[in-house]
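Here the protein sequences come in this chain order: A and B. Position one of the first sequence corresponds to residue 1 (our numbering), numbered consecutively onward. Position one of the second sequence corresponds to residue 141 (our numbering), numbered consecutively onward. Think of the CB as a built atom: it goes at the ideal place given N, C-alpha and C, for glycine as much as any other residue.
Number of protein chains: 2
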Amino acid sequence: MRDDPTHLAEQVAVELRHLVYLLRRYSAGQPLTSQQYGVLGSLEHGPRRMTALAEEHAVQLPTMTVQINRLEDAGLVARGTDPSDARVRTVELTAEGRERLQNVRRTRIANLTRELAALTEEERATLAAALPVLAKLGRS
Amino acid sequence: MRDDPTHLAEQVAVELRHLVYLLRRYSAGQPLTSQQYGVLGSLEHGPRRMTALAEEHAVQLPTMTVQINRLEDAGLVARGTDPSDARVRTVELTAEGRERLQNVRRTRIANLTRELAALTEEERATLAAALPVLAKLGRS
DNA sequence: CCTCATGCTTAGCCCAACTAACTTAGTTTT
DNA sequence: AAAACTAAGTTAGTTGGGCTAAGCATGAGG
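Take a look at the structure:
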């Protein structure tokens with residue numbers, strides 16, 4: 001039973017499902033969906049093109065078009081054009097979008113922080129140690 | 141910077157997003173969706189009632205009704221009745237459903253196992269240690 | 001009985017993903 | 001230089017998965 005990858009895989013699968021449910025519970029009732037917040041986050045460091053956004057979010061272009069349409073209607077992002085290539089549309093945060101992003105991120109981090117603060121210091125250290133391992137999953 | 145819950149929260153948030161994308165990539169193109177496999181898994185140890193399934197999957201009853209309808213149409217589950225209360229519908233796996241569940245679980249665990257086998261023994265131990273901590277999140 | 005609560009389904013809505021088809025703008029080929 | 005191809009986005013249409021509201025039985029209590 002010691003260091004059995006299959007047994008570990010089963011336990012990981014169980015926890016992943018738990019986390020998915022947790023995330024859904026957290027994002028219920030928010031003004032924007034978690035996908036939309038994710039897109040706003042991608043725009044934090046400057047304008048991006050549609051293809052870049054779609055690829056980063058593992059989504060097809062039409063899906064991203066619809067998301068950006070909604071965010072544009074809500075006044076949170078603005079479309080622009082690339083002077084060197086008239087085919088590409090750029091997307092950037094509006095002032096309101098940036099503000100919304102900061103607010104959401106603050107409260108979300110605050111929630112998570114509260115959960116983590118309820119753990120022992122040792123548990124937090126255990127979690128912190130595992131993060132780089134989680135990051136390696138799916139990179140193969 | 142040592143044991144800073146806020147800083148840890150930010151890193152955890154990043155990894156959670158990574159895991160969500162990973163899961164979506166894994167379940168793309170499967171004959172059933174991950175939700176439907178999840179429901180099949182709940183039926184592994186015998187019949188359940190609709191309310192129990194809905195609660196376990198953190199979903200409203202109508203949503204579960206639709207899911208069970210689809211699984212029933214596909215011949216993977218069968219509805220029954222509770223002899224002691226004519227209001228409740230029970231749901232159980234058909235032989236085909238059980239077979240499908242076993243196949244899917246095998247291949248999914250196999251995939252995860254392959255990923256985990258690519259890690260070092262120490263990394264697996266780190267991950268295993270963190271699982272109980274992850275399980276505690278959201279229980280507050 | 002009549003009323004109320006419970007378990008489930010139906011109907012109708014919205015969001016998020018997909019593919020297919022189209023438009024427009026660059027790039028290559030001849 | 002014109003034709004053919006490729007690339008970037010958008011639009012249209014479908015599917016899945018979630019929700020609430022409303023309806024229909026059935027069970028439980030006055």
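Spatial neighbours of residue i in its chain, beta-carbon cut-off 6 Å, leaving aside the 5 residues before and after
| i | result |
| --- | --- |
| Ser34(A) | Ser27 |
| Ile208(B) | Val231 |
| Arg70(A) | none |
| Arg89(A) | Met50, Arg79 |
| Ala125(A) | none |
| Gln170(B) | none |
Start and end residues, beta strand (DSSP E) containing residue i
| i | result |
| --- | --- |
| Val91(A) | 85-93 |
| Asp144(B) | Counting along the chain, Asp144(B) falls outside any beta strand (DSSP E), and DSSP gives it neither H nor E. |
| Leu79(A) | The sequence shown places Arg at residue 79(A), rather than the Leu named in the question. Counting along the chain, the beta strand (DSSP E) containing Arg79(A) begins and ends at 77-82. |
Interface residues of chain B facing residue i [CB-CB closer than 8 Å]
| i | result |
| --- | --- |
| Val12(A) | Leu252, Leu256, Leu267, Leu271 |
| Ala135(A) | Glu155, His158 |
| Gly38(A) | Arg157 |
Same chain only: Cβ atoms within 8 Å of residue i, ignoring 5 sequence neighbours per side
| i | result |
| --- | --- |
| Glu255(B) | none |
| Arg100(A) | Leu32, Leu40, Leu76 |
| Glu259(B) | Residue 259(B) is actually Leu in this sequence, not Glu. Leu267, listed in sequence order. |
| Leu163(B) | Ser174 |
| Pro47(A) | Gly80, Thr90, Val91, Glu92 |
| Asp144(B) | none |
Residues near residue i by beta carbon distance below 7 Å, same chain, minus five either side
| i | result |
| --- | --- |
| Glu196(B) | Ser182 |
| Leu61(A) | Met50, Thr51, Ala54 |
Contact list for residue i against chain A, beta-carbon separation under 9 Å
| i | result |
| --- | --- |
| Asp222(B) | Those do not exist, as Asp222(B) stays about 27 Å from chain A at its closest Cβ, beyond 9 Å. |
Chain A within 9 Å of residue i, Cβ atoms only
| i | result |
| --- | --- |
| Ala198(B) | yes |
| Pro145(B) | yes |
| Leu259(B) | yes |
Interface partners of residue i on chain A, CB under 8 Å
| i | result |
| --- | --- |
| Arg248(B) | Ala13 |
| Leu163(B) | Leu16, Val20 |
| Glu263(B) | Val133, Lys136 |
Contact with chain B by residue i, beta-carbon distance below 9 Å
| i | result |
| --- | --- |
| Glu55(A) | no |
| Leu101(A) | no |
| Leu92(A) | According to the sequence provided, residue 92(A) is Glu. The question's Leu does not apply to it. No, no contact with chain B. |
Straight-line gap, residue i to residue j (C-alpha atoms, nearest Å)
| i | j | result |
| --- | --- | --- |
| Ala9(A) | Arg87(A) | 45 Å |
| Val12(A) | Leu271(B) | 7 Å |
| Pro83(A) | Arg105(A) | 32 Å |
| Glu236(B) | Ala129(A) | 42 Å |
| Leu19(A) | Ala275(B) | 8 Å |
| Met64(A) | Gln36(A) | 10 Å |
| Tyr161(B) | Val133(A) | 16 Å |
| Gly178(B) | Ala117(A) | 31 Å |
| Ala250(B) | Ala58(A) | 23 Å |
| Arg238(B) | Glu184(B) | 7 Å |
| Thr253(B) | Thr113(A) | 31 Å |
| Asn243(B) | Thr234(B) | 14 Å |
| His147(B) | Ala214(B) | 47 Å |
| Glu262(B) | Glu121(A) | 21 Å |
| Asp85(A) | Val206(B) | 47 Å |
Enclosing alpha helix (DSSP H) for residue i [first to last residue]
| i | result |
| --- | --- |
| Thr173(B) | Element bounds for Thr173(B): n/a, residue is neither H nor E. |
| Val206(B) | 201-213 |
| Leu277(B) | Taken as a continuous stretch (DSSP letters only), Leu277(B) belongs to no alpha helix (DSSP H), as it is neither H nor E. |
| Glu56(A) | 50-56 |
Chain B residues whose Cβ lies nearer than 7 Å to that of residue i
| i | result |
| --- | --- |
| Ala9(A) | Ile249, Leu252, Thr253, Leu256 |
Residue i Cβ short of 8 Å to the ligand GDP heavy atom set
| i | result |
| --- | --- |
| Gly80(A) | Among the ligands in the structure shown, none appear at all, so the ligand GDP cannot be discussed. |
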